[in-house]
Amino acid sequence: MLRRVLTAACAGIALTACSVTAGDPPPPGERVVTLVTHDSFAVRPEVLDAFKRETGITVKTLASGDAGELTNKLVLTKGNPIGDVAFGVDSTFASRALGEGVFAEYAAAGADRGAQRYRLDPPDRLHAVDVGDVCVNVDVAALRDKGEPRTYADLADPKYRDLLVVEDPATSSPGLAFLLGTIAEFGESGWPEYWSKLKANGVKVVSGWEEAYTQDFSGSSGKGPRPIVVSYASSPSAEIGDDGAPRTKALLDTCYRQVEYAGVLNGAKNAEDARKVVDFLLSEQFQAEVPGQMYVYPSREGVALPEAWTKAAPLPDEARALPASQVDANRERWVQQWRSLVQG
Amino acid sequence: MLPLAFLGVFFAWPVVAIVGLGFGFGAVERSGAVWPVLADPRTWDLVGFTLGQAAAATALALVAGLPVAFLLARCRVWGTGLVRAAVMVPFVLPTVVVGLAFRALWPDGGVLPIVLANAFFNVAVVARTVGGLWARVDRRAEDAARALGASRARAFTSVVLPALAPAIGSAASVVFLFCATSFGVVLVLGGARHRTLETEIYLRTVELFDLSGAAALSLLQFAAVLAVLLLGGAARRRRERSLALRVEAPRRPAGGEWGVVAAAWLVVGALLLPVVGLVVRSLATDDGWSLAGYRALAGTGERGTLAVPGWQAAVNSVRTATDATLVALVVGVLSAVVLVALRRHGSWLAETLDTALMLPLGVSAVTVGFGYLITMDALPGDFRTSPLLVPLAQALVVTPLVVRIVLPVLRAVDERLRQAAATLGASPWRVWREVDLPLAARSLVAAAGFGFVVALGEFGATSFLARPDAPTLPVVIARLMSRPGELNSQLAYAACALLMVVTTAAVLLIERLRVPAGGEF
Chain A
10 MLRRVLTAAC
20 AGIALTACSV
30 TAGDPPPPGE
40 RVVTLVTHDS
50 FAVRPEVLDA
60 FKRETGITVK
70 TLASGDAGEL
80 TNKLVLTKGN
90 PIGDVAFGVD
100 STFASRALGE
110 GVFAEYAAAG
120 ADRGAQRYRL
130 DPPDRLHAVD
140 VGDVCVNVDV
150 AALRDKGEPR
160 TYADLADPKY
170 RDLLVVEDPA
180 TSSPGLAFLL
190 GTIAEFGESG
200 WPEYWSKLKA
210 NGVKVVSGWE
220 EAYTQDFSGS
230 SGKGPRPIVV
240 SYASSPSAEI
250 GDDGAPRTKA
260 LLDTCYRQVE
270 YAGVLNGAKN
280 AEDARKVVDF
290 LLSEQFQAEV
300 PGQMYVYPSR
310 EGVALPEAWT
320 KAAPLPDEAR
330 ALPASQVDAN
340 RERWVQQWRS
350 LVQG
Chain B
12 MLPLAFLGVF
22 FAWPVVAIVG
32 LGFGFGAVER
42 SGAVWPVLAD
52 PRTWDLVGFT
62 LGQAAAATAL
72 ALVAGLPVAF
82 LLARCRVWGT
92 GLVRAAVMVP
102 FVLPTVVVGL
112 AFRALWPDGG
122 VLPIVLANAF
132 FNVAVVARTV
142 GGLWARVDRR
152 AEDAARALGA
162 SRARAFTSVV
172 LPALAPAIGS
182 AASVVFLFCA
192 TSFGVVLVLG
202 GARHRTLETE
212 IYLRTVELFD
222 LSGAAALSLL
232 QFAAVLAVLL
242 LGGAARRRRE
252 RSLALRVEAP
262 RRPAGGEWGV
272 VAAAWLVVGA
282 LLLPVVGLVV
292 RSLATDDGWS
302 LAGYRALAGT
312 GERGTLAVPG
322 WQAAVNSVRT
332 ATDATLVALV
342 VGVLSAVVLV
352 ALRRHGSWLA
362 ETLDTALMLP
372 LGVSAVTVGF
382 GYLITMDALP
392 GDFRTSPLLV
402 PLAQALVVTP
412 LVVRIVLPVL
422 RAVDERLRQA
432 AATLGASPWR
442 VWREVDLPLA
452 ARSLVAAAGF
462 GFVVALGEFG
472 ATSFLARPDA
482 PTLPVVIARL
492 MSRPGELNSQ
502 LAYAACALLM
512 VVTTAAVLLI
522 ERLRVPAGGE
532 F
């Protein structure tokens with residue numbers, strides 16, 4: 010009996026193996042670089058194919074959650090990383106990764122074409138690939154009579170009572186960015202008071218961007234009840250009507266900058282090719298993909314933006330930002346303080 | 012041994028490793044203290060809320076599920092096959108989608124929508140698990156009670172209900188575990204006001220990287236789950252006994268039974284309401300009705316949001332779910348057979364194994380997922396990034412369901428049948444093939460179908476492990492939901508509809524494969 014059961018078990022497992030590996034057997038001797046990324050990574054396959062033709066390197070991506078989850082996974086696997094290159098650690102989490110020694114030093118080619126503007130300390134470990142701003146978005150038509158708010162302070166104006174929806178900074182990355190923006194604006198001593206005013210003014214807090222943007226916000230396909238939402242500077246480019254005019258608008262004085270970085274992982278099995286992939290991420294070719302594929306702005310200077318962006322999604326000249334080390338040192342405390350203030 | 016090895020490598024090892032890391036056995040900085048978390052009264056509020064909402068949702072799922080189980084097991088009325096398929100549909104819907112659907116009705120969230128949504132997902136568990144046994148319980152005892160003058164209600168409570176108790180207990184413990192660890196629904200509907208151990212473990216692991224706090228909460232969740240399993244096990248044990256199992260042909264309901272059937276239809280109708288809402292949503296656009304979302308399934312979303320076309324994700328889903336179901340069937344059926352054999356000798360080992368098999372349902376997917384990261388590189392070929400990990404992790408969720416569906420039937424097989432066969436010279440294998448298998452065949456098929464559907468809809472573990480070039484439908488839907496643009500949300504709802512169609516087709520197909528009633532003896 011035992012033998013037959015074992016045979017059946019083995020047959021089952023063999024069958025499994027067949028149907029899974031039916032996908033893509035990698036040809037032997039191929040040069041493969043594993044790129045560990047956040048879930049939002051996207052690139053057209055043609056671009057990776059062109060890179061492979063040029064260099065002989067196949068880039069295999071491994072999505073690993075949002076920026077925070079990705080960073081934690083990299084820290085947990087430091088020493089024996091799950092890939093060779095990582096992309097997507099952002100300015101809020103960068104100092105955790107750098108402090109844990111996740112990234113190896115490398116002076117990337119092309120870093121002098123704009124990426125150096127977002128340089129971190131210690132230099133030459135992480136290279137800025139893209140820049141995205143979290144800004145308050147408004148439904149233009151719904152606010153025509155009232156007039157649009159312009160600054161953070163305006164949002165606490167009773168004129169805009171019960172109109173704003175934001176994300177919980179503990180569960181959502183745009184929510185955290187918005188909180189950090191208000192801390193940068195009002196300072197360590199002033200932000201709690203500002204949030205008390207927002208609370209008194211009927212701010213609604215939801216747990217994620219999906220609920221805030223697609224359900225509560227009136228300017229998106231969900232046609233919710235609230236015309237003011239925390240989203241991205243690039244979001245209006247997806248809300249252009251048939252007449253070609255954007256239906257929503259980002260308030261450029263309420264932006265917080267998030268920079269996303271890439272670097273070679275310490276202990277990468279294929280470090281030599283991994284460096285070439287970092288160069289590729291900073292190259293003209295890849296940077297031109299960034300807005301259309303990932304809804305963020307290229308870090309490289311002089312890259313053409315899609316037409317919808319020039320119309321609806323200009324990058325703010327001046328966005329707020331806090332130093333990565335300050336964010337890393339205080340994030341938990343700020344979020345806890347925010348929780349007891351706004352939800353307690 | 013195979014079930015234990017599977018459980019040990021793909022569950023116990025990673026979980027112990029990651030919890031151990033939280034306790035400071037390992038070289039990760041920021042490991043704070045574990046004990047203050049347990050001393051914090053807010054932690055106990057979390058425990059209370061977690062258990063309370065799960066208990067309420069379980070009760071609701073039982074009340075709603077029993078009439079449906081009756082309809083599916085006992086009644087020959089038009090449309091039962093469709094009901095069987097329809098009741099499974101909620102189970103595969105991604106939690107974020109269901110969360111948003113319920114949130115549309117209760118914009119401010121709260122406890123009630125959380126309980127309703129959790130019950131919504133789990134009616135199918137009750138209907139399937141209880142229905143599996145109900146279809147085989149000898150009707151003659153009930154008829155005898157009626158003939159002796161018992162009212163229909165009396166016959167139900169004193170004859171039918173006790174016979175069904177093992178399956179009800181099984182269903183209740185599975186539903187309770189699903190509800191206690193439900194993540195997406197609580198996050199979307201509870202916001203930061205209503206939090207459970209599961210959402211807090213996720214936050215601390217993923218956002219705050221507070222592994223110590225997460226470890227403390229994981230231990231608490233583990234203890235709570237263990238307590239529930241032991242309680243459930245004790246309740247089942249008192250009830251479990253041999254039943255006269257036969258193939259009971261469904262018949263037309265009579266008299267008061269029509270009331271139960273009506274209640275079942277009502278439940279199915281209520282379950283389909285959010286489903287219909289989603290289909291409507293997938294067709295409605297700013298400019299009226301449109302099939303744009305469905306047409307977009309052939310592509311990769313607005314400006315290539317997806318790495319593969321929508322239909323390709325459906326193929327991936329079916330493929331991984333098939334693998335997961337095969338693994339779970341092998342492991343689950345072996346376990347059930349071993350459990351029955353051990354139980355016959357009254358072994359404590361049986362209890363331990365039974366409980367151990369259920370634990371994967373009660374441990375956070377994040378804990379298991381992060382555990383994989385720090386352990387699976389020790390397996391040959393750096394298993395951390397292997398595509399095999401997705402079906403194996405799904406199998407971990409499906410196996411307990413297979414055990415819970417098959418076990419009550421196997422245990423109810425009258426030992427005298429087995430002894431008679433053995434006396435007549437049958438080998439143990441032959442006994443199993445000639446006695447147990449025919450009696451259990453239907454529930455095996457039911458378990459396979461159910462497991463397949465669960466694997467299709469599984470999101471927690473899958474989103475952790477799926478490779479971007481081979482996403483499943485729920486992963487694709489979550490990605491589309493997190494992007495602006497009307498076409499993307501249109502496509503997300505169309506992908507939901509596709510997932511529902513695949514589910515219904517799978518259930519109907521498995522119905523076809525069911526062993527024809529009556530031909531087994």
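As you go down the protein sequences, you meet chains A and B in turn.
Heads up, the first sequence stops at 353 in the working numbering, and the numbers go up one at a time, no gaps.
Heads up, the second sequence stops at 532 in the working numbering, and the numbers go up one at a time, no gaps.
Ideal Cβ positions, reconstructed from N, Cα and C, are used throughout, including at glycine.
In angstroms with no decimal places, state the Cα-to-Cα distance between residue i and residue j.
{"i": "G32(A)", "j": "T331(B)", "result": "Unreliable positioning characterises G32(A) in this predicted model, as indicated by a pLDDT of 42, which lies under 50. A coordinate reading is not provided."}
{"i": "T332(A)", "j": "F195(A)", "result": "For the sequence presented, residue 332(A) should be read as Pro rather than Thr. Looking at the two C-alpha atoms, the distance is approximately 15 Å."}
{"i": "V98(B)", "j": "S301(B)", "result": "27 Å"}
{"i": "R128(A)", "j": "A317(A)", "result": "29 Å"}
{"i": "V338(B)", "j": "P315(A)", "result": "48 Å"}
{"i": "R340(A)", "j": "A347(B)", "result": "49 Å"}
{"i": "A477(B)", "j": "S73(A)", "result": "9 Å"}
{"i": "E40(B)", "j": "V344(B)", "result": "Here E40(B) scores only 47 on pLDDT, less than 50, and its place in the model should not be relied on; the value that follows carries that caveat. Roughly 43 Å between the two C-alpha positions."}
{"i": "G108(A)", "j": "V27(B)", "result": "26 Å"}
{"i": "A505(B)", "j": "K168(A)", "result": "39 Å"}
{"i": "C190(B)", "j": "L455(B)", "result": "25 Å"}
{"i": "R342(A)", "j": "R105(A)", "result": "16 Å"}
{"i": "A84(B)", "j": "G142(B)", "result": "5 Å"}
{"i": "P264(B)", "j": "S230(A)", "result": "47 Å"}
{"i": "F60(B)", "j": "V122(B)", "result": "9 Å"}
{"i": "Y241(A)", "j": "P183(A)", "result": "8 Å"}
{"i": "R114(B)", "j": "G120(B)", "result": "6 Å"}
{"i": "L340(B)", "j": "F194(B)", "result": "26 Å"}
{"i": "L428(B)", "j": "V148(B)", "result": "16 Å"}
{"i": "A38(B)", "j": "I385(B)", "result": "Unreliable placement is indicated for A38(B), whose pLDDT of 47 sits below 50; the coordinate value is still reported in the next sentence. Going by the C-alpha atoms only, they are around 12 Å apart."}
With DSSP collapsed to three states, give me the class of residue i.
{"i": "K371(A)", "result": "Residue numbering for chain A in the displayed model covers 10 to 353; residue 371(A) lies beyond these limits and cannot be assessed."}
{"i": "N89(A)", "result": "coil"}
{"i": "W300(B)", "result": "strand"}
{"i": "A437(B)", "result": "coil"}
{"i": "P54(A)", "result": "helix"}
{"i": "F112(A)", "result": "strand"}
{"i": "Y304(A)", "result": "coil"}
{"i": "L44(A)", "result": "strand"}
{"i": "T61(B)", "result": "helix"}
{"i": "K320(A)", "result": "helix"}
{"i": "S243(A)", "result": "coil"}
{"i": "F195(A)", "result": "helix"}
{"i": "K206(A)", "result": "helix"}
Which first and last residues belong to the beta strand (DSSP E) in which residue i is found?
{"i": "K155(A)", "result": "Segment: none, K155(A) is in no beta strand (DSSP E) and carries neither H nor E."}
{"i": "C144(A)", "result": "136–148"}
{"i": "T192(B)", "result": "Counting along the chain, T192(B) falls outside any beta strand (DSSP E), and DSSP gives it neither H nor E."}
Quickly, what does DSSP pair residue i with across the bridge? List them, please.
{"i": "R114(B)", "result": "According to DSSP, which records beta bridges pairwise, R114(B) is partnered with nothing at all."}
{"i": "V273(A)", "result": "V94(A)"}
{"i": "D99(A)", "result": "E269(A)"}
{"i": "R329(A)", "result": "Y265(A)"}
{"i": "C86(B)", "result": "R262(B)"}
{"i": "L256(B)", "result": "V148(B)"}
{"i": "T257(A)", "result": "D148(A)"}
{"i": "I237(A)", "result": "V147(A), L173(A)"}
Just confirm the distance between the C-beta atoms of residue i and residue j, as a whole number of angstroms; I'd bet it's less than 8 Å.
{"i": "D447(B)", "j": "V319(B)", "result": "Actually they do not touch by this definition, with Cβ atoms about 43 Å apart."}
{"i": "T101(A)", "j": "Q267(A)", "result": "7 Å"}
{"i": "P158(A)", "j": "D166(A)", "result": "7 Å"}
{"i": "V273(A)", "j": "A283(A)", "result": "5 Å"}
{"i": "A297(A)", "j": "V138(A)", "result": "Not quite, the Cβ-Cβ distance comes to about 13 Å (not below 8 Å), so this is no contact."}
Along the chain, where does the alpha helix (DSSP H) that runs through residue i open and close?
{"i": "Y169(A)", "result": "No alpha helix (DSSP H) holds Y169(A); DSSP gives it neither H nor E."}
{"i": "V356(A)", "result": "What the structure shows of chain A is the stretch from 10 to 353, and residue 356(A) is not part of that stretch, so it cannot be assessed."}
{"i": "A367(B)", "result": "359–369"}
Is it the case that the CB of residue i approaches a heavy atom of the ligand GTP more closely than 6 Å?
{"i": "P320(B)", "result": "Within the structure as shown, the ligand GTP is missing, as the structure has no ligands at all."}
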